[in-house]
Amino acid sequence: MATRVLQRVGSGLKQTKNGLNANGQVTVVIRSLSAFREDSWFKSLFVRKVDPRKDAHSHLLAKKEDNNLYKIQFHNVKPEFFFSFILYMGWCYPCELVGTWNTWYGEQDQAVHLWRYRGGYPALTEVMNKLRQNKVFMDYRKKRGTMLLSRRNQLLLEFSFWNEPVPRPGPNIYELRSYQLRPGTMIEWGNYWARAIDIRQQNQEAVGGFFSQIGSLYTVHHLWAYKDLQSRENIRNAAWQREGWDEVVYYTVPLIQHMESRIMIPMKTSPLK
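Be aware that the sequence shown starts at 1, since it is given in the UniProt record's numbering, and climbs by one per residue.
Okay, here's the thing in structure tokens:
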């Protein structure tokens with residue numbers, strides 16, 4: 001389309017130049033063409049202004065007072081081994097378990113684990129080195145592998161405006177809402193949710209908010225706790241009665257490429273009950 005527009009503009013300019021030459025106004029035409037080339041609208045088809053950003057979104061959105069790195073794991077278990085897999089999840093990593101669940105509604109026969117590494121990437125490296133040298137863990141990992149269909153993980157940072165997830169008593173159900181954002185929209189997402197989280201804190205349902213650093217990029221995870229499905233429904237409906245919530249939804253939905261919701265049940269070893 002841009003090519004056709006430029007062809008029509010060029011054709012019009014050629015006709016104008018020929019007409020003005022017939023009247024002896026060559027100098028005026030040359031100046032007009034020069035001004036048109038320099039100042040006209042079609043220059044914007046080739047030149048795009050970019051507002052420079054002085055820092056990565058991970059530095060702008062993550063908490064600075066601590067240096068926590070999180071890992072979320074998704075284990076898709078062979079259906080016939082799922083009960084055995086849950087019983088087998090007694091291994092204690094040399095890092096901090098935030099929560100571990102099995103998916104109730106969503107992708108079935110799936111276990112989800114969330115780990116915290118206080119100290120960032122050096123702490124993660126230290127833990128991984130220790131595990132590779134631990135024969136008991138390597139035997140456990142080999143046995144676990146026979147029960148799995150697939151597994152994947154992501155390394156995450158936590159949003160500065162969310163509370164750090166801490167152990168809570170139960171019984172609760174947990175909802176993990178995962179959003180795949182359009183690349184380049186993380187700052188915009190953070191700006192809206194920095195205000196929205198106050199609206200959703202009144203019932204203490206907000207557990208933690210994270211964004212990916214390694215794995216599937218521009219992914220956001222929001223973790224919520226509810227007493228049951230009906231409580232979830234009531235709390236989410238009540239949010240629409242609070243000023244500003246409709247605006248947050250209106251402006252953040254266009255940022256999303258894909259979204260997914262899981263309802264999860266805590267395992268016995270989970271600090272988030």
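We put the beta carbon where it would ideally sit given N, CA and C, even for glycine. Bear in mind that the values here come from a model prediction, so they are computed numbers and not experimental data.
key: Bounding residues of the alpha helix (DSSP H) (the contiguous stretch that carries residue 251)   = 245-252
query = Under a three-way DSSP split, which group does residue 101 fall into?
reply = strand
task = Just confirm the distance between the C-beta atoms of residue 219 and residue 257, as a whole number of angstroms; I'd bet it's less than 8 Å.
result = Actually they do not touch by this definition, with Cβ atoms about 10 Å apart.
Boundaries (first-last residue) of the alpha helix (DSSP H) holding residue 134 = Looking at the DSSP string, residue 134 is not in any alpha helix (DSSP H), and its letter there is neither H nor E.
task = Would you list the residues sitting across from residue 212 in a DSSP beta bridge?
result = 156
Inter-residue CB distance, residue 75 and residue 151 (contact presumed, cutoff 8 Å) = 5 Å
message = Do residue 167 and residue 271 have their beta-carbon atoms positioned less than 7 Å apart in this structure?
response = yes
ask   = Contact between the region 138-151 and the region 241-254: three or more CB pairs below 8 Å?
value = no
query = If we call anything under 7 Å between Cβ atoms a contact, is residue 334 one with residue 134?
reply = Nothing in the structure corresponds to residue 334, since the chain is present only between 1 and 273.
query = Where does residue 129 fall in DSSP's three states?
reply = helix
request  = For residue 110, count neighbouring C-beta atoms within 10 Å of its own C-beta (all shown protein chains included) and say buried if the count is 16 or more, exposed if not.
outcome  = buried
message = What residue range does the beta strand (DSSP E) around residue 205 cover?
response = Element bounds for residue 205: n/a, residue is neither H nor E.
query = Considering only the beta carbon of each residue, do residue 155 and residue 214 sit closer than 7 Å?
reply = yes
query = Pairing CB atoms from the region 232-246 with CB atoms from the region 196-205, are three or more of them under 8 Å?
reply = yes
ask   = Hey, residue 159 and residue 184 are a contact pair by Cβ (cut 8 Å); roughly how many whole angstroms apart?
value = The Cβ separation is near 17 Å, so there is no contact.
ask   = Closest to residue 262 by CA distance: which of 192, 129, 221 is it?
value = 221
task = Taking all protein chains shown into account, decide if residue 68 is buried (16 or more other Cβ within 10 angstroms of its Cβ) or exposed.
result = buried
key: Backbone CA spacing between residue 192 and residue 252 [nearest angstrom]   = 7 Å
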